[in-house]
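Encoded as structure tokens, the structure appears first; notes follow it.
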Amino acid sequence: MKTLKQNANGILLCISEIIIGILLLIDPVSFTSGIVIACGIILILIGLISIIKYFFMDIEEAIMSQNLLKGFVLLLAGALCVLNYKWIFATFSLLTIIYGAVILLVGLGKIQWTVNMIRLKKEKWFLMGISALISIICAIVIMTNPFATTAILWRFTGISLIIEAVFDVVSLILNRQKKEIKDAETDGDDSL
Numbered sequence: 079m080k081t082l083k084q085n086a087n088g089i090l091l092c093i094s095e096i097i098i099g100i101l102l103l104i105d106p107v108s109f110t111s112g113i114v115i116a117c118g119i120i121l122i123l124i125g126l127i128s129i130i131k132y133f134f135m136d137i138e139e140a141i142m143s144q145n146l147l148k149g150f151v152l153l154l155a156g157a158l159c160v161l162n163y164k165w166i167f168a169t170f171s172l173l174t175i176i177y178g179a180v181i182l183l184v185g186l187g188k189i190q191w192t193v194n195m196i197r198l199k200k201e202k203w204f205l206m207g208i209s210a211l212i213s214i215i216c217a218i219v220i221m222t223n224p225f226a227t228t229a230i231l232w233r234f235t236g237i238s239l240i241i242e243a244v245f246d247v248v249s250l251i252l253n254r255q256k257k258e259i260k261d262a263e264t265d266g267d268d269s270l
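Numbering (the working numbering), first residue to last: 79 to 270.
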């Protein structure tokens with residue numbers, strides 16, 4: 079239980095990745111369209127708040143903030159997302175390349191973590207190494223986009239999210255349990 083509390087943020091992030099991965103597997107078009115529409119609604123609301131704030135601010139402060147312009151830009155961007163979500167989905171291949179680059183950076187970070195674990199003589203370093211390898215392979219596949227449709231690319235992205243998250247959760251839990259056992263042994267030695 080202590081392991082779960084200490085790694086709660088990491089585990090929650092991994093669970094979120096698994097849920098998003100499953101939703102991408104089930105229906106990538108509807109899921110991503112829903113995300114785009116939700117983002118559009120949020121942009122519209124923020125734009126409206128910005129416009130309203132502009133009229134309630136002191137005139138000098140309002141001029142400097144440019145909230146009216148920001149509000150109109152956010153309204154237009156939100157309307158574009160809500161009304162043209164299919165067009166945005168069609169151009170998502172650019173976003174997948176960006177996502178692939180992010181996954182590649184995460185994979186490189188996991189290599190650093192793996193090397194750190196090896197230098198610290200951690201027994202389960204290979205789990206992070208496998209996770210790093212999976213991240214890098216998935217990133218390369220996503221960035222080269224060998225898929226026939228965007229929907230297939232998003233399904234692959236969903237699978238990669240699930241696999242990475244599972245490896246990360248297992249690695250977090252196993253490494254934390256090993257540390258707790260070692261700490262307990264050290265505490266037991268102190269009491270003698």
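The beta-carbon is built from N, C-alpha and C at its ideal position, and this holds for glycine as well.
Please read these numbers as outputs of a predicted model, since none were measured by experiment.
If you check the CB distance, I189 and I208 do not come in under 9 Å.
A straight-line Cα-Cα distance of about 58 Å links E138 and L252.
Look at M221 here: in three-state DSSP terms it is helix.
Between A179 and L173, the alpha-carbon positions lie close to 10 Å from each other. Shown here, N162 sits in coil according to DSSP, grouped into three states, outside any helix or strand. DSSP places L198 outside both helix and strand once states are collapsed to three, so it counts as coil. In the three-state reduction of the DSSP assignment, M206 falls in the helix class. Shown here for N145: same chain residues with a beta carbon closer than 8 Å to its own, the five before and five after excluded, namely S128, I129, K131, Y132 and M135 in chain order.
Inter-segment contact for the stretch 189-204 and the stretch 146-159 is absent: fewer than three beta-carbon pairs are separated by less than 8 Å. Under the three-state reduction of DSSP output, D136 falls in the coil class, being neither helix nor strand.
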